[in-house]
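Protein chains in written order, with full-length UniProt numbering: chain A, 1 to 319; chain B, 1 to 532. For each residue, glycine too, the CB sits at the ideal point set by N, CA and C. Okay, structure first, notes after.
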Amino acid sequence: MRLLRIVPDDTNFDFMRFRRISFPISAVLSIVALVAFLTLGLNFGIDFKGGTLLEVRYPNNTLNIGDVRSKLEALELGEVQIQEIGGDGEVLIRVAQQPGGEQAQQAVVGKVRTALGEGVEYRRVEVVGPRVSQELLSYGIVGLMLAVFCILIYLWFRFEWQFALGASIANFHDIVLTIGFMSIFQIDFDLTSVAALLTILGYSLNDTIVIYDRIREMLRRYKKMPTDELLNHSINSTLSRSVITHVTVTLALLALVLFGGRAIHSFSVTMMFGVVLVGTYTSIFIASPLLIYLGVTTRTMAEKAEAAGPNAKAERITP
Amino acid sequence: MLYFSKWKAFAILAVSAIICLMVVPSLLPPKVYDSLPGFLQRKIVLGLDLQGGSYIVLQVDSNEVRTARLEQLRDDARRVLRDAKVGYTGLNIQGNSVQVRIRDGQDADAAFTQLRTLAQPIGGALSTSGQLDTDVARDGNVITLTPSTAGVQSRTIQAVSQSIEIIRKRIDQLGTTEPSIQRQGADRIQVQVPGLQDPSRLKALLGQTAKLTFRLVDNSMTAQQALQGRPPAGTEVLYSQDNPPVPYLIEQRVLVAGEDLTDAQPGFDPQTREPIVTFRFNTNGARRFAEATQANVGRPFAIILDNHVISAPVIREPILGGSGQISGNFTVQQANDLAILLRAGALPVPLQVVEERTVGPGLGADSIRAGLIASIVGASAVALFMIATYGLFGVIAVVAVAINVGMIFGVLAMLGATLTLPGIAGVVLTVGIAVDSNVLIYERIREEARAGRSAISAIDAGFTRALATILDSNITTFIAAAVLFYIGSGPVRGFAITFGIGIITTVFTAFTLTRLMAAVWVRWRRPQRVPI
Chain A
1 MRLLRIVPDD TNFDFMRFRR ISFPISAVLS IVALVAFLTL GLNFGIDFKG GTLLEVRYPN
61 NTLNIGDVRS KLEALELGEV QIQEIGGDGE VLIRVAQQPG GEQAQQAVVG KVRTALGEGV
121 EYRRVEVVGP RVSQELLSYG IVGLMLAVFC ILIYLWFRFE WQFALGASIA NFHDIVLTIG
181 FMSIFQIDFD LTSVAALLTI LGYSLNDTIV IYDRIREMLR RYKKMPTDEL LNHSINSTLS
241 RSVITHVTVT LALLALVLFG GRAIHSFSVT MMFGVVLVGT YTSIFIASPL LIYLGVTTRT
301 MAEKAEAAGP NAKAERITP
Chain B
1 MLYFSKWKAF AILAVSAIIC LMVVPSLLPP KVYDSLPGFL QRKIVLGLDL QGGSYIVLQV
61 DSNEVRTARL EQLRDDARRV LRDAKVGYTG LNIQGNSVQV RIRDGQDADA AFTQLRTLAQ
121 PIGGALSTSG QLDTDVARDG NVITLTPSTA GVQSRTIQAV SQSIEIIRKR IDQLGTTEPS
181 IQRQGADRIQ VQVPGLQDPS RLKALLGQTA KLTFRLVDNS MTAQQALQGR PPAGTEVLYS
241 QDNPPVPYLI EQRVLVAGED LTDAQPGFDP QTREPIVTFR FNTNGARRFA EATQANVGRP
301 FAIILDNHVI SAPVIREPIL GGSGQISGNF TVQQANDLAI LLRAGALPVP LQVVEERTVG
361 PGLGADSIRA GLIASIVGAS AVALFMIATY GLFGVIAVVA VAINVGMIFG VLAMLGATLT
421 LPGIAGVVLT VGIAVDSNVL IYERIREEAR AGRSAISAID AGFTRALATI LDSNITTFIA
481 AAVLFYIGSG PVRGFAITFG IGIITTVFTA FTLTRLMAAV WVRWRRPQRV PI
C-alpha cells in the first residue's frame with residue numbers, strides 16, 4: 001500500500017493563470033540576475049582566472065592565521081586571499097595570476113613553500129597558467145552553447161518546433177538565473193561549475209520533456225479542448241510525479257551538500273539551486289505556458305493532422 | 001508488455017549480474033588481482049583527486065621551436081656558404097628569418113641555389129605534400145631564409161613526440177606506479193603521476209631541458225671584464241648555480257655534448273666523500289673528449305647544464321678512457337636526479353609547465369570518505385522515501401536502482417575509466433534520475449488504474465507509456481552528458497563519464513529489470529487492484 005501521499009489524486013491547479021505572475025517574476029529575476037552578473041561579475045576560480053591555489057594544513061592547532069598572512073604579504077605577490085577553512089588548522093591560499101607568463105606562476109608555489117617553512121602539510125596545490133585558463137573558459141562557454149544547440153536539434157526532430165523553442169527559452173532562463181545566483185552569492189565559478197550548469201540544463205530539460213511529452217499526448221487525444229485547459233490538465237496529471245521526483249533528487253543533493261565534502265561543495269550548492277528551485281519552477285510555470293505564446297493550439301494541431309491525412313496519425317500510436 | 005519468456009528473463013538477469021560482477025576485480029587486493037587472467041584484469045582507476053598525486057600539463061613553446069630552427073638555419077647557412085666559398089656579410093637572425101648579404105653580386109645566384117637546398121620537404125623526403133619547411137627568398141644580394149608556419153608546426157609535433165619519450169624515461173626512474181604520459185592537442189603533454197608525495201621533485205625533473213655540454217673557459221679576460229666591455233667573439237658569459245652566482249666566460253664551441261653520453265650514475269668521490277655523477281662517453285664522444293683534453297691541458301673547461309655552469313675543473317691530464325665525473329656540491333638527491341636527467345637525454349626544446357594540480361594523499365582519503373558518506377546517506381534517504389511512498393513497488397524500485405548503481409561501477413571497471421570526486425557526484429545524481437524513471441512508471445500505472453483499467457492492464461499500459469517518456473527525457477540528458485564528455489577535461493569529464501553511463505544503465509534497468517520484477521509479481525499475485 002502507498003503510505004505517503006504527497007499530492008492528492010485529483011489536483012486541479014490553474015497553472016496557466018499563474019503565468020500572469022510567473023512571467024513577470026521571471027522577467028524581474030532574469031534582469032536581477034543579469035544586473036548582478038554585469039555589476040558583481042562571477043567569482044572566477046583559478047581555472048578561468050589563472051593563478052595559484054594552495055590548501056595547507058597546520059597540524060595540532062599550530063595555525064596562526066595572522067602569522068600566515070604576514071609571511072605571505074612579505075612576498076609581495078599582489079592579490080593574496082587567505083581563508084581559514086574547516087576549522088581543522090586548514091587554510092586556503094589563493095594567489096592571483098602573476099605578471100610574467102607561465103614560469104612566474106610556477107615560482108609562486110616555491111616562494112610560498114619557503115615562506116611557510118617546515119611542519120605544514122600541503123593538501124592541494126593547483127597552478128593554472130594564463131594560456132590554459134583562457135582556453136578552459138572558452139571551452140566552457142562553447143560547451144554550454146554546443147549542448148543547448150544539440151538538444152534543440154534533437155527536440156526539433158522529436159517534437160514540433162514550438163516545443164524545441166519553448167524548451168530552449170526555458171533552458172536559457174535557467175542558465176541566466178543560475179549564473180545570477182552564483183554571481184550574487186559569489187560562489188566559485190570554475191570547471192566544476194560548468195559541469196553543474198550543464199547538469200542543471202540537462203535536468204531541467206528532462207523535467208520539461210516529461211511535461212511536454214504529456215502535452216503532446218493530450219494534444220493527440222483531446223482535439224477540441226481549449227489550449228489553457230489542456231496544458232493545465234497535462235501539468236496536473238504529471239504533478240504527482242514532479243513532486244515525488246523532486247523530493248528524491250533533493251534528498252540525493254542534500255546528502256551531497258551536507259556530507260559530500262568541500263571539494264564539491266560549490267558544485268552541490270549550485271546544483272541544489274538550479275535543479276530544485278529553478279528547474280522545477282521553469283518546466284511548470286515557464287516552459288509550459290510558453291507554448292501558448294508560441295502558437296501551440298489544439299485546433300492547429302487538429303488541422304495539421306487532417307491536412308496530413310490519416311497516415312500521419314499512425315506515426316505514434318501506443319499499443 | 002508484461003510477458004517475459006524464460007530465455008528473455010534469464011538473459012536480462014545474466015547481463016545485469018555479469019555487469020555488476022565486473023566490479024569485483026576492483027575490490028580485490030592487488031596480489032589477487034594480479035593473479036587473475038588477463039580478461040578479468042579490468043578495474044576502476046581512482047582519479048588523482050581521490051588517491052592523491054600530481055597532474056601536470058607541459059607545453060612545447062612553438063616560439064622556442066622557431067628560435068631553435070632559426071639558429072640551426074643560421075649555422076647551416078654559414079656551413080653551406082663556407083663550403084661553396086662564397087663571401088658574405090651580416091649573416092644573422094632578423095625577427096623570424098635568417099638574413100645574409102652576399103658580398104659579390106656574381107656569387108648571389110650560386111649562393112641562392114646552394115641555400116635553397118636547406119629547405120626540406122615537410123614530413124621527410126618521402127612526403128608527398130610538396131610543402132617545404134623553409135621559404136628561401138632573394139632580393140638583389142640579400143637572401144632571406146624564413147621557416148614556414150607549417151614547418152614550425154610539424155617540428156613542434158615532432159618535439160612533443162620526442163619529449164614524451166624522454167619524459168617517460170625520466171619518470172620511470174622515479175619508481176612510481178602507473179604514471180600516465182599523454183599527448184594533449186598539438187603542443188601539450190599531460191603527465192599524471194599518482195601517489196607522489198613531493199611534486200616539486202617531479203617538476204624539477206620535467207622542467208629541465210637537461211642539455212649538457214662540455215666547453216672550454218676563455219682565459220683571455222676575466223668574466224667581470226667581459227661583462228663590462230664586450231665578450232670576445234664566439235664566447236658568452238654563463239653563471240654557476242651558486243648563491244650568489246659566479247660568472248664564467250665560456251667559449252660557444254662545444255667540445256662534447258650530452259648526446260654522446262652512454263651512461264651516467266650517481267656515486268661518491270672516493271677522496272672527498274661528496275656525491276658526484278660519473279659518466280661514460282660513446283666512441284665518438286670519447287675520441288672528441290680525448291682530443292680536446294690533450295690539446296688543452298692546464299686550461300679549465302666547464303660542464304654546463306641548461307646554460308648553468310655546474311663546475312669548471314682544470315684539465316690536469318688528457319682524459320682518454322671515455323669516462324669522467326661531475327662534482328658540484330650536490331646533495332645525494334641532486335646527484336641522483338642529474339644522473340637520471342643525463343641518462344634520459346635532453347629535451348629537444350624547453351617545456352613549460354602550464355597547469356599543475358596536486359592533491360595530497362590525506363585530502364584524497366578525506367574526499368573518498370566524504371563521497372562514500374554522502375552516497376550512503378543519499379541512497380538510504382531516497383530508498384526510505386521510495387518505500388514509504390510506494391510500498392512493495394518501492395522495494396522493487398530500490399532493488400532496480402541498487403542494481404543500476406552496481407552496473408555503473410561495473411561498466412566503469414570494464415572501460416577502465418577513472419572515478420573522480422565529481423564522478424561520485426554523478427553517481428549520486430544518477431540515483432536521483434533512476435528513481436525518476438520508476439516514479440514515472442508508477443504514477444502512470446496509477447493514472448491508468450484511475451481511468452478504469454483493470455490492475456494488470458493498468459500496469460501494462462503504465463509501463464508502455466512511461467517508457468516512451470523515459471526514453472525521450474534521458475536521451476536529451478544524455479546529449480548534455482556527451483557534450484560534457486567531449487569538451488570537458490579533468491573533473492568535468494569524470495562527472496560526464498559516470499553521469500552518461502548512469503543514464504544508459506537507468507534506461508536499461510527501467511526497460512528490463514523493473515518490468516521483469518513487476519511481471520513476476522503480477523503473475524504470482526494476480527492482483528485485482530493496483531497496489532500503488
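Residues in the region 92-110 of chain A having any Cβ partner in chain B nearer than 9 Å: G101, E102, Q103, Q105, Q106, V109, G110
Cβ shell of B:F409 (< 6 Å), same chain only, five flanking positions each side left out: Looking up residue 409 of chain B in the second sequence gives position 409. These residues qualify, in order along the chain: V23.
If B:G175 sits next to A:T248, beta carbons under 8 Å apart, how far is it from one beta carbon to the other, in whole angstroms? Taking the second sequence and counting its residues from 1, the one referred to as residue 175 of chain B is at position 175. Taking the first sequence and counting its residues from 1, the one referred to as residue 248 of chain A is at position 248. 47 Å between Cβ atoms; not a contact.
In chain order, what residues of the same chain lie with their CB nearer than 8 Å to the CB of B:F268, ignoring the 5 residues before and after it? What you label residue 268 of chain B is simply residue 268 of the second sequence in a count that begins at 1. A distance below 8 Å between beta-carbons, with the five flanking residues on each side excluded, links B:F268 to the following residues of its chain, in chain order: E274, P275, I276.
Who are the neighbours of A:R221 on chain B, taking C-beta pairs under 7 Å? The count along the first sequence starts at 1 and reaches residue 221 of chain A at position 221. By Cβ distance, chain B contributes nothing, its closest Cβ being about 11 Å from A:R221, past 7 Å.
Would the beta-carbon of A:L191 fall within 7 Å of that of B:V492? Here the question's residue 191 of chain A lines up with position 191 in the first sequence. Here the question's residue 492 of chain B lines up with position 492 in the second sequence. Yes. Within cutoff.
Please classify A:Y293 as buried or exposed, where buried requires at least 16 other C-beta atoms within 10 Å of its C-beta. What you label residue 293 of chain A is simply residue 293 of the first sequence in a count that begins at 1. Exposed is the call here.
Taking 7 Å as the CB-CB limit, is A:F259 close to chain B? Position 259 of the first sequence, counted from the first residue, corresponds to residue 259 of chain A. With 7 Å as the cut-off, A:F259 counts as an interface residue toward chain B.
I'd like the span of the alpha helix (DSSP H) that includes B:S454, first residue to last. What you label residue 454 of chain B is simply residue 454 of the second sequence in a count that begins at 1. Taken as a continuous stretch (DSSP letters only), B:S454 belongs to no alpha helix (DSSP H), as it is neither H nor E.
Tell me B:L28's beta-bridge partners as DSSP assigns them. Stepping through the second sequence from its first residue, residue 28 of chain B is reached at position 28. Its beta-bridge partners do not exist; DSSP assigns none.
Nearest CA to the CA of residue 321 of chain A: which residue from B:G90, B:S380, B:N63, B:E355? There is simply no residue 321 of chain A to check, as chain A begins at 1 and stops at 319 in what is shown.
Three-state secondary structure assigned by DSSP to A:P24: By 1-based counting over the first sequence, the position of residue 24 of chain A is 24. Looking at A:P24 - three-state DSSP - the assignment turns out to be helix.
From B:I44 to B:T67, what does the alpha carbon distance come to, in whole angstroms? Locating residue 44 of chain B in the second sequence gives position 44, counting from the first residue. Locating residue 67 of chain B in the second sequence gives position 67, counting from the first residue. A direct Cα-to-Cα measurement between B:I44 and B:T67 gives close to 44 Å.
What residue from B:D242, B:A110, B:I456 has the CA that sits closest to B:V80's CA? Indexing the second sequence from 1 puts residue 80 of chain B at position 80. Ranked by Cα distance from B:V80, the first of B:D242, B:A110, B:I456 is B:A110.
Indicate whether A:N60 and A:F189 have their beta-carbon atoms separated by less than 7 Å. Sequence index remark: in the first sequence, residue 60 of chain A carries index 60 (1-based). Sequence index remark: in the first sequence, residue 189 of chain A carries index 189 (1-based). In this structure, A:F189 does not lie closer than 7 Å to A:N60 by Cβ.
Grouping DSSP H, G and I as helix and E and B as strand, with all else coil, what is B:P179? Against the second sequence, residue 179 of chain B aligns to sequence position 179. DSSP places B:P179 in coil when its eight states are reduced to three.
Can you tell me whether B:A434 is buried or exposed, with buried defined as 16 or more other CB within 10 angstroms of its CB? The residue labelled residue 434 of chain B in the question sits at position 434 within the second sequence. Label assigned to B:A434: buried.
Closer than 7 Å by C-beta to B:V507: which residues in its own chain qualify, once you throw out the five before and the five after it? Chain order, please. Along the second sequence, read from residue 1 onward, the residue named residue 507 of chain B stands at position 507. Taking C-beta separations shorter than 7 Å and ignoring five residues to either side along the sequence, the partners of B:V507 in its chain run I470, L471, N474, following chain order.
Short CB-CB distance (under 7 Å) between A:Y293 and chain B: Taking the first sequence and counting its residues from 1, the one referred to as residue 293 of chain A is at position 293. With 7 Å as the cut-off, A:Y293 does not count as an interface residue toward chain B.
Under 7 Å Cβ-Cβ, which residues of chain A neighbour B:F495? On the second sequence, residue 495 of chain B is found 495 positions in, with the first residue counted as 1. Correct list: A195.
From the beta carbon of B:F304, is the nearest beta carbon of chain A less than 7 Å away? Taking the second sequence and counting its residues from 1, one reaches residue 304 of chain B at position 304. Sequence check: residue 304 of chain B is Ile here, not Phe. So no, B:I304 is outside the interface.
For A:M271 and B:T209, what's the separation of their Cα atoms in angstroms? In the first sequence, counting from the first residue as 1, residue 271 of chain A sits at position 271. In the second sequence, counting from the first residue as 1, residue 209 of chain B sits at position 209. Cα to Cα, A:M271 sits roughly 45 Å from B:T209.
For B:F10, I'd like the list of residues in its chain whose CB is within less than 8 Å of its CB, leaving aside the five on either flank, ordered along the chain. Here residue 10 of chain B is taken as the residue at index 10 of the second sequence, counted from 1. Excluding positions up to five away in sequence, the list is empty.
Pick helix, strand or coil for B:G90, following the three-state DSSP scheme. Within the second sequence, numbered from 1, the residue matching residue 90 of chain B stands at position 90. Note: B:G90 maps to strand in three-state DSSP.
Give me the residue from B:M517, B:G207, B:A84 with the minimum Cα distance to B:E355. Residue 355 of chain B sits at position 355 when you count from the first residue of the second sequence. The option with the nearest alpha carbon to B:E355 is B:G207.
For the region 219-249 of chain B, list the beta strand (DSSP E) runs that are entirely contained and at least 3 residues long, ordered along the chain. 235-240
Beta carbons nearer than 7 Å to chain B: which residues of the region 61-73 of chain A have them? none
For B:Q173, report the span of its alpha helix (DSSP H) as first-last. Within the second sequence, residue 173 of chain B is the residue found at index 173, counting from 1. Counting along the chain, B:Q173 falls outside any alpha helix (DSSP H), and DSSP gives it neither H nor E.
Mind checking if A:L231 is an interface residue toward chain B, Cβ cutoff 7 Å exclusive? Against the first sequence, residue 231 of chain A aligns to sequence position 231. Output row for A:L231: interface = no.
Sequence ranges, beta strand (DSSP E) only - wholly within the region 7-70 of chain A, length at least 3: 51-57, all fully within the region 7-70 of chain A.
So is B:V314 buried or exposed if we call it buried at 16+ other beta carbons inside 10 Å? Walking along the second sequence from the start, residue 314 of chain B turns up at place 314. With fewer than 16 Cβ atoms within 10 Å of its Cβ, B:V314 is classed as exposed.
Using beta-carbon positions only, say whether A:A170 and A:T282 come within less than 7 Å of one another. Taking the first sequence and counting its residues from 1, the one referred to as residue 170 of chain A is at position 170. Taking the first sequence and counting its residues from 1, the one referred to as residue 282 of chain A is at position 282. In this structure, A:T282 lies closer than 7 Å to A:A170 by Cβ.
A:A107 vs A:E79 beta-carbon contact at 7 Å: Here the question's residue 107 of chain A lines up with position 107 in the first sequence. Here the question's residue 79 of chain A lines up with position 79 in the first sequence. No.
For B:T144, which of helix, strand or coil comes out of DSSP? Along the second sequence, one-based indexing puts residue 144 of chain B at 144. Of the three classes helix, strand and coil, the one that applies to B:T144 here is strand, per DSSP.
I want to verify the contact list: residues of chain B whose CB lies under 9 Å from the CB of A:R17, in sequence order. Here residue 17 of chain A refers to the residue found at position 17 when the first sequence is read from its first residue. Listed along chain B, no residue sits closer than 9 Å to A:R17 by beta-carbon distance, the nearest being about 24 Å off.
Residues of chain A with a CB under 7 Å from the CB of B:I373: which are they? Translated into the one-based positions of the second sequence, residue 373 of chain B becomes position 373. Those within 7 Å of B:I373 in chain A are F259.
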